[in-house]
Amino acid sequence: DTAVSQTPKYLVTQMGNDKSIKCEQNLGHDTMYWYKQDSKKFLKIMFSYNNKELIINETVPNRFSPKSPDKAHLNLHINSLELGDSAVYFCASSQNTEAFFGQGTRLTVV
Amino acid sequence: GENVEQHPSTLSVQEGDSAVIKCTYSDSASNYFPWYKQELGKRPQLIIDIRSNVGEKKDQRIAVTLNKTAKHFSLHITETQPEDSAVYFCAATYSGNTPLVFGKGTRLSVIA
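Encoded structure:
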């Protein structure tokens, strides 16, 4: 019974394409996040949503557009993919403190 | 905003020895300090956390200490085992729904 699930797990696509990653949590948490983990394993916050409202956007290019249809879902759409977007993207949720992570989506742009 | 520094970036220990990873944070308002373990190809998972009203917390072979005055906290793993090999991340935030700010990670290798 997965707490935070994201799809797909792997995504290989060409430069210039548009792609989406979906995330769902069944923990009843109010807050959801997207983190990017680069090749050096650094985990960097991209977006934070609380009850479907955008709280934090950490200087992410506007090619990245999060969407939260309800507080259990936070999707990430990426336009005009670039080589530098290759990374592992983690969705997470929390209720005040501990963050629970999804299994990650490894995005490879070729 | 918060900035978390983590050292060392890599650490190799012999099985049975202890391992210590240290972090510093910049925002004195931070009051929650978790540690996450990430195995190869897996998601980060919480192993232990500490809040600012506590100086030390222990869970079996893992302990965390916090010095609020100096703004640093440490992870201690005793009697290390090969399955402790992973990347460990410290993080800091203040309570509420602000995101965790992570250190850059420590790759721990336990040599059998």
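Protein sequences appear in the order of chains A and V.
Start counting the first sequence at 1; every next residue gets the next number (my numbering).
Start counting the second sequence at 1001; every next residue gets the next number (my numbering).
Note that beta-carbon positions come from the ideal geometry of N, C-alpha and C, so glycine has one too.
Cβ neighbour criterion (16 or more within 10 Å) applied to residue i
i: V:Ala-1070; result: exposed
i: V:Lys-1037; result: buried
i: A:Val-109; result: buried
i: A:His-2; result: In the sequence on display, residue 2 of chain A carries Thr and not His. With fewer than 16 Cβ atoms within 10 Å of its Cβ, A:Thr-2 is classed as exposed.
i: V:Ala-1112; result: exposed
i: A:Met-15; result: exposed
i: V:Gly-1105; result: buried
i: A:Asp-85; result: buried
Nearest candidate by alpha-carbon position, reference residue i, set the options
i: A:Lys-44; options: A:Ser-94, A:Leu-27, A:Tyr-33; result: A:Tyr-33
i: A:Ser-94; options: V:Tyr-1088, V:Tyr-1032, V:Lys-1068; result: V:Tyr-1032
i: V:Ser-1026; options: V:Lys-1068, V:Thr-1106, V:Pro-1082, V:Val-1087; result: V:Lys-1068
i: A:Glu-24; options: A:Asp-38, A:Ser-39, A:Asn-75, A:Leu-11; result: A:Asn-75
i: A:Asn-79; options: A:Val-60, A:Lys-19, A:Thr-7; result: A:Lys-19
i: V:Leu-1066; options: V:Val-1087, V:Glu-1039, V:Ser-1028; result: V:Ser-1028
i: A:Phe-100; options: A:Asn-17, A:Asp-30, A:Pro-8, A:Tyr-10; result: A:Asp-30
i: A:Gln-103; options: V:Gly-1041, V:Ala-1091, V:Asp-1059; result: V:Gly-1041
Contact with chain C by residue i, beta-carbon distance below 8 Å
i: V:Phe-1073; result: Annotation note: the requested chain C is absent from the structure, which comprises protein chains A and V.
Whole-number beta carbon distance between residue j and residue i, since they are thought to touch under 8 Å
i: V:Leu-1108; j: V:Ser-1074; result: Not really, about 14 Å apart at Cβ, beyond 8 Å.
i: V:Val-1110; j: V:Thr-1078; result: The pair is not a contact, with the Cβ atoms about 12 Å apart (cut-off 8 Å).
Under 7 Å by beta carbon: chain V residues contacting residue i
i: A:Gln-103; result: Arg-1043
i: A:Ala-99; result: Leu-1100
i: A:Tyr-33; result: Pro-1099
Residues that residue i contacts on chain A, provided the C-beta gap is smaller than 7 Å
i: V:Phe-1089; result: Leu-43
Touching by the beta-carbon criterion (3+ pairs, under 8 Å), the region 1036-1055 of chain V and the region 1085-1104 of chain V: yes
Touch test, the region 1006-1024 of chain V against the region 42-57 of chain A, Cβ-Cβ under 8 Å, three pairs minimum: no
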